[in-house]
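Heads up: the structure comes next, in structure tokens.
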Amino acid sequence: MTRAFNFSAGPAALPEAVLRQAREELLEWGSARASVMEISHRGSAFMELARESESDLRQLLDIPSSHRVLFMQGGATQHFAQIPMNLARQNQSADYVISGAWGEKAFSEAGPHVQARICASSAAGGFRDVPASTDWKRDAQAAYVHYTTNETIHGVQFHEIPDVGTVPLVADMSSDILSAPIDVSRFGIIYAGAQKNIGASGLVILIVRDDLLERSPQPIARIFKYAEHAKADSLFNTPNTFGWYLSALVFKWLKGEGGLAAMAERNRRKAELLYRTIDESGFYSNPVNATARSLMNVPFFLADAGLDQVFLKEADAENLIGLKGHRVLGGMRASIYNATPIQAVEVLVDFMREFERRHG
Ligand SMILES: *Cc1c(COP(=O)(O)O)cnc(C)c1O
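Okay, here's the thing in structure tokens:
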């Protein structure tokens, strides 16, 4: 049995070194004489992991002291609802920018908790671009502006941080957090489910500006309040300890690989190679406007959709897995997150060229 080159969109590939270390430590973690899954989250060993992982993440993203880091649960989807609960009154407006399927979902989940309005959308063009921030029809009184930095399904990514003045900017970064350095100070909230570019599912990293924690607009249970989780250093209730541990290993791995600048360079090279292969062929296509193409998720289509199943079957035989496109779009999708080595993309593009030669 061999580990495949894995292009899954999420849950997605983890760095092999991290999995090896987790295997090594599975029965006895450090001096705990038990697995990290089997000990108290309030004991000194786990508290130390919590402290150090936050410190590593702060270093990686250069998070300013104005922002808190929370290790949460519920997936990004739960926070689609929890963010308006924490930031707005029900009769207040909040602006949503829609550049793909996840933005649409965030907008609809916010519905019961805030007067959500769409201030820009690229739906009419089939989500092949991001709406230019100069065209956003924003409400200056909005409680916040929400957007999705990388649309995992449509393969559309913002490559610049939009300027929204003094309105807090809230970003779903589930599929591109840690893929490149970013200026955290520009954001009110950054949140990300871990299973794309960090670790395992069931953990959400949420970075929130201090002053937003003081907003307490709706009568909600304490478990939903970000301020309560901040006060308890993310130990308000039992956290996803194994997921947190895996993320901590990934943060160490990222630091060892040279940090986010090194990741950004590697990610750019992988994406360039894949898009070049698609664009130079007369057989594969990617519909996204070149300036908005995602460096993380690359959807592509075969000239003859009748060959999709053959492509997937032959790819699988070459040890290339996770390439089936999302059911909304069909076709193929190669997700090339931090944990995907350049070699995996090289093997993929060789296979694509060979497949085109035989079937194109
Ligand atoms: C996967 C994904 C989500 C949903 O994550 P869950 O953990 O399944 O709730 C939300 N937003 C983006 C951008 C995603 O890629």
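According to this note's numbering, numbering within the sequence shown proceeds without interruption in unit steps and concludes at 1071. For each residue, glycine too, the CB sits at the ideal point set by N, CA and C. It should be emphasised that the depicted structure is a prediction, and the values quoted were computed from it without experimental measurement.
Heavy atom of ligand 1 within 7 Å of residue i beta-carbon
{"i": "T788", "result": "yes"}
{"i": "T863", "result": "yes"}
{"i": "S885", "result": "yes"}
{"i": "Q906", "result": "yes"}
{"i": "S832", "result": "no"}
{"i": "W813", "result": "yes"}
{"i": "G721", "result": "yes"}
{"i": "S1072", "result": "In the structure as shown, the chain starts at 712 and stops at 1071, and residue 1072 therefore has no counterpart that could be examined."}
{"i": "T845", "result": "no"}
{"i": "T859", "result": "yes"}
Alpha-carbon to alpha-carbon, residue j and residue i
{"i": "A817", "j": "F791", "result": "5 Å"}
{"i": "L1023", "j": "F838", "result": "25 Å"}
{"i": "S810", "j": "Q793", "result": "21 Å"}
{"i": "S886", "j": "N908", "result": "6 Å"}
{"i": "Y986", "j": "A756", "result": "45 Å"}
{"i": "N802", "j": "Y995", "result": "48 Å"}
{"i": "V881", "j": "I864", "result": "20 Å"}
{"i": "R753", "j": "E763", "result": "15 Å"}
{"i": "A800", "j": "D894", "result": "Note that residue 800 is Arg in the sequence shown, not Ala. The alpha-carbon atoms of R800 and D894 are separated by roughly 28 Å."}
{"i": "L1006", "j": "M1043", "result": "15 Å"}
{"i": "L1034", "j": "N717", "result": "8 Å"}
{"i": "K936", "j": "G1041", "result": "38 Å"}
{"i": "K963", "j": "R1068", "result": "42 Å"}
{"i": "F869", "j": "R1004", "result": "8 Å"}
{"i": "A891", "j": "N1049", "result": "9 Å"}
{"i": "G1036", "j": "R734", "result": "31 Å"}
{"i": "G899", "j": "F1012", "result": "37 Å"}
{"i": "I931", "j": "A787", "result": "19 Å"}
{"i": "D806", "j": "N1000", "result": "24 Å"}
{"i": "D883", "j": "M974", "result": "20 Å"}
{"i": "D921", "j": "A728", "result": "35 Å"}
{"i": "V1009", "j": "V1056", "result": "11 Å"}
{"i": "I888", "j": "D773", "result": "13 Å"}
{"i": "R769", "j": "E1025", "result": "43 Å"}
{"i": "V841", "j": "I872", "result": "12 Å"}
{"i": "L960", "j": "E968", "result": "12 Å"}
Residues that residue i bridges to, as DSSP identifies them
{"i": "T859", "result": "D883"}
{"i": "H778", "result": "R920"}
{"i": "P1010", "result": "R1044"}
{"i": "R1004", "result": "V867"}
{"i": "Y995", "result": "L1013"}
{"i": "V915", "result": "M783, G904"}
DSSP state of residue i mapped onto helix, strand, coil
{"i": "L1031", "result": "strand"}
{"i": "Y1048", "result": "coil"}
{"i": "A720", "result": "coil"}
{"i": "H1070", "result": "helix"}
{"i": "Q868", "result": "strand"}
{"i": "R987", "result": "helix"}
{"i": "G786", "result": "helix"}
{"i": "A903", "result": "strand"}
{"i": "F1062", "result": "helix"}
{"i": "A932", "result": "coil"}
{"i": "G1036", "result": "coil"}
{"i": "H940", "result": "helix"}
{"i": "L760", "result": "helix"}
{"i": "T713", "result": "coil"}
{"i": "E976", "result": "helix"}
{"i": "E968", "result": "coil"}
{"i": "D1019", "result": "helix"}
{"i": "G954", "result": "helix"}
{"i": "E1025", "result": "helix"}
{"i": "R897", "result": "helix"}
{"i": "F962", "result": "helix"}
{"i": "D773", "result": "coil"}
{"i": "L768", "result": "helix"}
{"i": "A891", "result": "coil"}
{"i": "L730", "result": "helix"}
{"i": "E739", "result": "coil"}
{"i": "A745", "result": "coil"}
{"i": "V1056", "result": "helix"}
{"i": "S701", "result": "Because the chain here runs from 712 to 1071, residue 701 falls outside it and cannot be looked at."}
{"i": "S945", "result": "coil"}
Can you list the alpha helix (DSSP H) stretches of 4 or more residues lying completely in the stretch 792–860, in chain order?
812–821
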